[in-house]
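Chemist: This is the structure I have questions about; it appears just below.
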Amino acid sequence: MTDNRTDRRRSGASGRPRAVRAGLGVAFALAVATITGCSAAVSAATDTGTTSSSETSTATSSAAAADVSSVTAVLDANADQTVVNDDEWSTDDAVDIALSGTDATTDASGVTVADGTVTIAAAGVYRLSGDYTGSVVVAAPDDAQVVLILDGASIEADGVPGIQIDTADDVAVFLADGSENSVASTGAYAADADANAAIYSDADLTISGTGSLAVDGSANDGITSKDDLVVLSGTIDVTAADDGLRGKDSLTVRDGTITVDAGGDGLTSDQDSDETKGYVDIEGGTLDITAGSDGIDGFTDVVVTDGAVTISSEEGIEAGTIAIGGGTIDITSTDDGINGSAGTSDDTASADDAQDSFGGGGGMGDTGEVVLIAGGTVTIDAAGDGLDSNGSMQITGGTTIVSGPTDSGNGALDTNGEFTVSGGTLIALGSAGMAETPSTESEQAWVAAAAQGSAGSTVEVLSSDGTVLATVTAAKQFETVVFSSADVVSGETYTFSVDGSSVATATTGEALAGGMGGGGGGPRR
1 MTDNRTDRRR
11 SGASGRPRAV
21 RAGLGVAFAL
31 AVATITGCSA
41 AVSAATDTGT
51 TSSSETSTAT
61 SSAAAADVSS
71 VTAVLDANAD
81 QTVVNDDEWS
91 TDDAVDIALS
101 GTDATTDASG
111 VTVADGTVTI
121 AAAGVYRLSG
131 DYTGSVVVAA
141 PDDAQVVLIL
151 DGASIEADGV
161 PGIQIDTADD
171 VAVFLADGSE
181 NSVASTGAYA
191 ADADANAAIY
201 SDADLTISGT
211 GSLAVDGSAN
221 DGITSKDDLV
231 VLSGTIDVTA
241 ADDGLRGKDS
251 LTVRDGTITV
261 DAGGDGLTSD
271 QDSDETKGYV
281 DIEGGTLDIT
291 AGSDGIDGFT
301 DVVVTDGAVT
311 ISSEEGIEAG
321 TIAIGGGTID
331 ITSTDDGING
341 SAGTSDDTAS
351 ADDAQDSFGG
361 GGGMGDTGEV
371 VLIAGGTVTI
381 DAAGDGLDSN
391 GSMQITGGTT
401 IVSGPTDSGN
411 GALDTNGEFT
421 VSGGTLIALG
431 SAGMAETPST
441 ESEQAWVAAA
451 AQGSAGSTVE
461 VLSSDGTVLA
471 TVTAAKQFET
481 VVFSSADVVS
491 GETYTFSVDG
501 SSVATATTGE
511 ALAGGMGGGG
521 GGPRR
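With full-length UniProt numbering, letter number 95 in the sequence shown gets 95, and the count goes up by one each step, no holes.
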């Protein structure tokens with residue numbers, strides 16, 4: 001199987017290449033947590049940022065963003081993306097294409113049917129319905145806008161995409177109200193095939209509508225655009241041997257219900273030749289992602305401002321800049337949960353070699369990557385590092401709950417540069433060997449202690465007067481607890497209890513013995 005993209009596997013926490021593992025079937029019990037007396041709100045105007053529904057909207061690039069102190073600042077540094085909105089065309093203009101077996105009938109002058117291929121060679125709105133064994137190909141002029149309305153369409157191709165967009169300016173796939181549709185690409189692609197997804201586009205691609213779409217990408221990818229891929233709405237279920245949804249220049253989800261089961265990355269953007277592209281932007285919707293590699297991967301950046309995202313994967317979210325300003329994110333990973341790690345286009349390159357890539361790269365010290373959590377609710381259950389950045393990390397708002405590793409070679413929190421907390425709520429449970437705490441320069445106070453427990457243990461953090469500031473149920477064995485919220489006062493001493501018994505006291509700003517306190521530093525693990 002040949003893929004036309006540049007292979008850019010990156011080194012994880014252990015410094016080893018992250019091989020794609022298909023058929024991942026791992027599930028961990030997530031922590032059930034209740035944070036009391038803590039302010040988790042974050043100013044939407046300052047941190048979450050919004051994008052308009054006009055033809056273009058902003059997304060992100062870590063290399064282009066000089067200021068990543070707020071999600072809005074990251075969004076403002078983004079490149080434009082092209083979107084075909086539903087009000088730009090009319091269903092009244094639709095011309096029917098009736099699919100039947102290996103044949104199709106239509107009155108459209110710009111459509112031909114031959115040898116199991118429906119070819120659309122002109123701009124326009126086309127309604128496809130019926131069952132078809134073969135491929136629907138768009139080969140329209142470079143300035144053409146083509147809309148494909150799927151209205152009870154089932155398209156299955158062998159060794160080629162079910163829908164293949166070779167030439168056009170912008171293309172939209174619209175799922176008709178109440179319709180059930182499917183597109184499949186099975187078998188194997190030719191060794192030199194560029195088009196390698198069930199739905200493949202060389203042009204900007206927008207998916208919208210209120211119907212449903214099942215995508216079978218068992219030959220390789222599910223849905224791919226070599227330009228911008230935007231999902232505005234719809235119920236979309238993708239199964240893929242490799243990547244689920246891939247927008248090479250950018251991938252944006254504004255709404256919809258999306259389920260992905262992918263052997264490679266769940267959602268990805270991997271443009272490595274333009275620092276303003278290669279990003280994933282989640283603005284809303286409900287996403288359930290199971291992936292053999294990264295749940296969400298951006299060569300430059302990943303931004304989440306809203307939506308409900310559930311990820312079960314090798315690594316949860318990975319990019320040079322990761323900025324979270326809202327929404328609910330639930331990650332279960334066999335390696336790192338959130339990993340600020342810049343891309344490298346050389347599969348044999350070390351993490352140090354990535355420092356010349358967008359976002360700064362990996363390796364020793366603070367190399368330019370940033371993980372920013374400014375809002376929303378983030379829950380992580382990671383077998384590797386929980387929150388990890390090759391560069392710096394900032395928590396300025398929201399609620400972040402980390403159930404980190406049980407082994408001593410990883411940490412619930414892991415940064416190579418400065419790690420600061422200035423707002424929101426953080427509670428992290430993990431192993432002791434590589435435990436890390438925020439920087440003493442943090443604007444918001446934090447407290448950490450060696451406190452041991454097992455899966456199901458109830459952990460509480462109490463102030464000196466006995467007020468319970470936080471309660472969390474541990475998802476698995478742990479040896480350390482780190483806590484920060486607006487209720488933690490600098491210079492005060494706090495008590496940590498496990499299952500009702502006091503196990504430790506600690507004063508704010510004191511690093512864990514043997515851990516990586518004061519903002520990280522040190523070699524990459």
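For each residue, glycine too, the CB sits at the ideal point set by N, CA and C.
Remember, it's a predicted structure, so these values are computed and weren't measured experimentally.
Can you tell me whether V489 is buried or exposed, with buried defined as 16 or more other CB within 10 angstroms of its CB?
Modeler: V489 is exposed by the Cβ-count criterion.
Chemist: Given a cut-off of 7 Å on the beta-carbon distance, is the pair S201 and D228 in contact?
Modeler: Their beta carbons are not under 7 Å apart, which means S201 does not touch D228 by this criterion.
Chemist: Helix or strand or just coil, what does DSSP make of A323?
Modeler: A323: strand per DSSP, three-state reduction.
Chemist: Distance check for Q452 and G134, CA to CA, integer angstroms please.
Modeler: Looking at the two C-alpha atoms, the distance is approximately 60 Å.
Chemist: Please name the residue or residues paired with V125 in a DSSP beta bridge.
Modeler: DSSP, once it has assigned bridges, lists A94, V147 as partnering V125.
Chemist: Express the C-alpha separation of G152 and E180 in angstroms, rounding to a whole number.
Modeler: Approximately 5 Å, taken between the alpha carbons.
Chemist: With 16 other CB atoms within 10 Å as the buried threshold, where does Q355 fall?
Modeler: Bear in mind that a pLDDT of 33 at Q355, under 50, signals an unreliable position, so the number given afterwards is only what the model happens to contain. Classification for Q355: buried.
Chemist: Entirely within the region 225–277 and at least 3 residues each: give me those beta strand (DSSP E) ranges in chain order.
Modeler: Here the runs fully enclosed are 228–231, 235–240, 245–247, 250–253, 257–262, 267–269.
Chemist: Do the region 107–117 and the region 171–179 meet, that is, are 3 or more Cβ pairs less than 8 Å apart?
Modeler: Touching, no, given that fewer than three Cβ pairs across the two stretches are closer than 8 Å.
Chemist: Once you ignore the five residues that flank S392 on each side, which residues in its own chain have a CB closer than 6 Å to its CB?
Modeler: Excluding sequence neighbours, S392 sits near D366, V370, G417, E418.
Chemist: State the start and end residues of the unbroken beta strand (DSSP E) segment that holds residue 526.
Modeler: No answer is possible for residue 526: it lies beyond the span of the chain, which begins at 1 and ends at 525.
Chemist: In three-state terms, what does DSSP make of V71?
Modeler: Here V71 sits in helix by DSSP.
Chemist: Using the three-state DSSP reduction, which class does D87 fall into: helix, strand or coil?
Modeler: It is helical.
Chemist: Grab the span of the beta strand (DSSP E) containing E460 for me, first residue to last.
Modeler: Start and end: 458–462.
Chemist: Under the three-state reduction of DSSP, which class applies to T6: helix, strand or coil?
Modeler: Low per-residue confidence applies at T6: pLDDT is 34, beneath 50, and the placement is therefore not dependable enough to give any value.
Chemist: With DSSP as the reference, label V402 as helix, strand or coil.
Modeler: It is a strand residue.
Chemist: What residues match up with L413 in a beta bridge as DSSP calls it?
Modeler: L387, per the DSSP bridge assignment.
Chemist: With 16 other CB atoms within 10 Å as the buried threshold, where does P438 fall?
Modeler: Classification for P438: buried.
Chemist: Enumerate in chain order the residues of its own chain whose CB-to-CB distance from G509 is below 6 Å, with the five nearest sequence positions on each side excluded.
Modeler: Cβ within range, chain order: T440.
Chemist: So, using beta-carbon positions, are A214 and G162 closer together than 7 Å?
Modeler: It is not a contact, given that the beta carbons lie outside the stated cut-off.
Chemist: Rounded to whole angstroms, what's the CA-CA distance from V472 to A435? Just pull it up for me.
Modeler: C-alpha separation (whole angstroms): 19 Å.
Chemist: Suppose the cutoff is 6 Å on Cβ atoms and the five residues either side in sequence are ignored; what does the same chain contact list for L205 look like?
Modeler: If we look at L205 and ignore the five residues flanking it on each side, its Cβ neighbours are V171, S225, L229.
Chemist: Assign A87 to buried or exposed, taking buried as 16 or more other Cβ atoms, counted over all protein chains shown, within 10 Å of its Cβ.
Modeler: Reading off the sequence, residue 87 comes out as Asp, not Ala. Exposed, because fewer than 16 other Cβ atoms sit within 10 Å of the Cβ of D87.
Chemist: By Cβ distance, which residues of its chain are closer than 7 Å to S502, with the 5 residues on each side in sequence left out?
Modeler: Same-chain partners within the cutoff: T495.
Chemist: Taking C-alpha atoms, which residue in D385, R127, A195, A219 lies nearest to D96?
Modeler: Minimum Cα distance to D96 is reached at R127.
Chemist: In whole angstroms, give me the CA-to-CA distance for A445 and S484.
Modeler: About 6 Å.
Chemist: In the DSSP assignment, what residue or residues form a beta bridge with L205?
Modeler: In the DSSP output, where bridge partners are listed per residue, L205 has V171, L229.
Chemist: Is residue 540 near T286, with beta carbons less than 7 Å apart?
Modeler: The chain is shown only over 1 to 525; residue 540 falls outside these bounds and no answer can be derived.
Chemist: Using a threshold of 7 Å, state whether the C-beta atoms of L175 and G222 are closer than that.
Modeler: The answer is no: Cβ separation not under 7 Å.
Chemist: Return the residue from the list D294, T257, A219, F299 that minimises the CA-CA distance to D194.
Modeler: Per the Cα distances, A219.
Chemist: What separation, rounded to the nearest whole angstrom, lies between the Cα atoms of G266 and S333?
Modeler: One C-alpha to the other measures close to 13 Å.
Chemist: Would you check if the region 374–382 and the region 400–409 touch, i.e. whether three or more CB-CB distances between them fall below 8 Å?
Modeler: Yes, the region 400–409 is in contact with the region 374–382.
Chemist: Taking just the CA atoms, how far does G256 sit from D243?
Modeler: If I take the Cα positions, the gap works out to 19 Å.
Chemist: Can you find the residues in the same chain that come closer than 6 Å, C-beta to C-beta, to G187, ignoring five residues on each side of it along the sequence?
Modeler: Excluding residues within five positions, the ones whose Cβ falls inside 6 Å are D158, G159, A219.
Chemist: Nearest CA to the CA of residue 526: which residue from V280, G101, D499?
Modeler: The structure shown does not extend to residue 526, since the chain spans only 1 to 525, so no value can be given for it.
Chemist: Below 8 Å on the Cβ atoms is my contact criterion, and I expect A506 with A449 to pass it. Report the Cβ-Cβ distance as a whole number of Å.
Modeler: Confirmed, Cβ separation roughly 4 Å.
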